[in-house]
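For the sequence shown, the working numbering begins at 89 and goes up steadily by one.
Every residue gets a Cβ at the ideal spot worked out from N, C-alpha and C, and that includes glycine.
I have placed the structure first, in the form of structure tokens, so that the comments after it can refer back to it.
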Amino acid sequence: MTIEERVPLAPLTTFGVGGEARFFAAAKTVDEVQEALVFASARKIPVFILGGGSNILVSDEGFEGLVLSVRLSDITTEEAGDRTHVSVGAGVVWDDFVQWSIAHRFAGLECLSGVPGTVGGAVIGNLGAYGAQTSDTLVRVESIDTHHTESGIRVFEKEACDFSYHDSIFGKTSGRYAVVRAIFALSTDPTSQLSYRDNRFDLTRLTHTLGHAPSQQEIREAILDMREEKGSIIMPGRRSYKCAGSFFHMPFVSPEQYAQVVARARALDAVREEQLQPWAWEQPDGSYKLAPGFLLEYTEFKKGYTRGSVGISPKHTLVIINLAGATACDIANLARDMQRAVSDLFGITLEREVEYVGCVERSNQ
Ligand SMILES: Cc1cc2nc3c(=O)[nH]c(=O)nc-3n(C[C@H](O)[C@H](O)[C@H](O)COP(=O)(O)OP(=O)(O)OC[C@H]3O[C@@H](n4cnc5c(N)ncnc54)[C@H](O)[C@@H]3O)c2cc1C
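Right, dumping it as structure tokens:
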């Protein structure tokens with residue numbers, strides 16, 4: 089395997105910004121993953137594992153270590169009772185896997201159509217959308233422990249993956265495990281695919297709209313249409329923005345904090361607060377999940393906001409976009425100002441969902 093030097097990272101990310109990788113390896117096999125890790129370990133340089141680059145912001149100065157792009161791309165199947173176990177290389181493009189599953193009449197992934205990135209990235213962040221998440225159908229993950237490269241494949245059964253909202257053991261120990269393969273249990277029984285509803289999208293009405301029970305392909309098309317309407321897609325032939333999806337997580341707050349936010353929002357603009365409902369959801373533990381877009385609506389950072397080469401998607405308040413020629417610094421500065429505005433107004437901290445690679449924060453003071 090060739091280890092390249094000074095490889096531009098911007099074209100390998102959906103933001104399209106960032107500098108070079110000091111070293112770069114594209115590993116197509118487990119042996120090549122191990123070889124690349126041994127290379128980095130011998131030089132005592134940091135490693136960043138790259139998937140589809142759809143949830144990261146690479147520093148303008150690049151990454152002074154090895155960027156390891158995991159490119160295992162095989163899909164194999166094995167019967168397992170009433171399900172089929174599908175083993176998927178971590179480098180397979182997630183949406184290609186979704187399309188593969190539909191073409192093979194497997195159910196369960198349609199609602200996750202159109203999300204950019206790889207299968208590896210989907211496991212790390214427990215990719216979720218429209219009522220479904222990666223962990224729903226995943227049974228096992230095969231990985232290489234970057235601290236013990238020589239140990240071979242380390243298997244994590246689903247229970248050991250510690251999946252939660254947009255997170256997993258692999259996200260919590262970021263960089264420790266290179267995911268090489270994920271095994272899913274898929275069935276051809278298409279039940280319970282149409283239960284998702286939010287204030288803009290009601291999948292439960294699809295049967296009524298179409299006049300018949302939707303096929304998996306029709307569910308996929310409905311999801312892709314909705315994603316395009318929300319500016320949450322990067323796909324040829326559909327309106328796309330250079331972005332990394334939602335920049336911030338949804339905050340969870342205590343009942344007291346929730347009451348304070350309600351009072352503050354109503355004092356600022358009661359009509360707007362009513363128009364934007366629902367913007368908070370009570371959780372089983374009594375906490376509240378808030379829509380960050382609601383909080384941002386009270387600041388200058390609304391949909392369509394622009395500042396030089398960066399802006400906020402005209403379709404989605406949480407999506408920061410590279411309008412043309414933005415730097416990582418431009419994007420990080422806007423993100424920081426959005427966080428400060430929400431914190432100053434509501435006392436709520438917006439946590440970043442997008443991961444910074446290299447020294448993005450150094451030039452972001
Ligand atoms: C337009 C748009 C819409 C989006 N919509 C959604 C959505 O609806 N739901 C959602 O959950 N996300 C969404 N995202 C975010 C993003 O697509 C997902 O988080 C995706 O799963 C990231 O995968 P990736 O391969 O691009 O990972 P990357 O961005 O390359 O990396 C993300 C993290 O995963 C790690 N990683 C990647 N591959 C591996 C591997 N093989 N082994 C170990 N670590 C690895 C990286 O080191 C990094 O820490 C969206 C993004 C965009 C641009």
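Unbroken alpha helix (DSSP H) stretches of 4 residues or longer found wholly inside the stretch 126-191: 182-191, given in chain order. Burial is judged here by how many other beta carbons sit within 10 angstroms of a residue's own beta carbon; glycine 392 has fewer than 16 and is exposed. The beta carbon of threonine 206 sits closer than 7 Å to at least one heavy atom of ligand 1. Around the beta carbon of lysine 132, fewer than 16 other beta carbons sit within 10 angstroms, so the residue counts as exposed.
According to DSSP, residue pairing for alanine 195 in a beta bridge involves Ser275. Counting only unbroken stretches of 4 or more residues, the alpha helix (DSSP H) elements lying wholly within the stretch 291-376 are 294-298, 304-317 and 343-363, in sequence order. Only residues of its own chain outside the window of five on either side were considered, and among them Thr394, Ser397, Val398 and Gly399 have a CB closer than 7 Å to the CB of leucine 411, listed in chain order. Per the Cβ contact rule, the stretch 432-439 is not in contact with the stretch 120-134 (fewer than 3 Cβ pairs under 8 Å). In this structure, aspartate 233 and arginine 193 do not form a Cβ contact; the two beta carbons are roughly 36 Å apart against a cut-off of 8 Å. The DSSP-derived three-state label of valine 430 is helix. For the set Ser303, Ala416 and Glu317, the Cα lying nearest the Cα of threonine 276 is the one of Ser303. Here asparagine 214 is actually not in contact with glycine 333; their C-beta atoms are around 14 Å apart, not less than 8 Å.
In this chain, the beta strand (DSSP E) harbouring proline 96 covers 92-96.
Take the alpha-carbon of serine 189 and the one of leucine 197: they are about 7 Å apart.
Secondary structure of alanine 210 (DSSP, three-state): helix. Assignment of isoleucine 419 by DSSP, reduced to helix, strand and coil, places it in the helix class. In this structure, DSSP gives glutamate 230 an extended state, which the three-state scheme calls strand. With the rule of 3 Cβ pairs closer than 8 Å, the stretch 149-162 counts as touching the stretch 110-121. In the DSSP assignment, glycine 259 falls outside any beta strand (DSSP E) and lies within the alpha helix (DSSP H) extending over 257-260. Arginine 308 counts as buried, since at least 16 other C-beta atoms from the protein chains shown sit within 10 angstroms of its C-beta.
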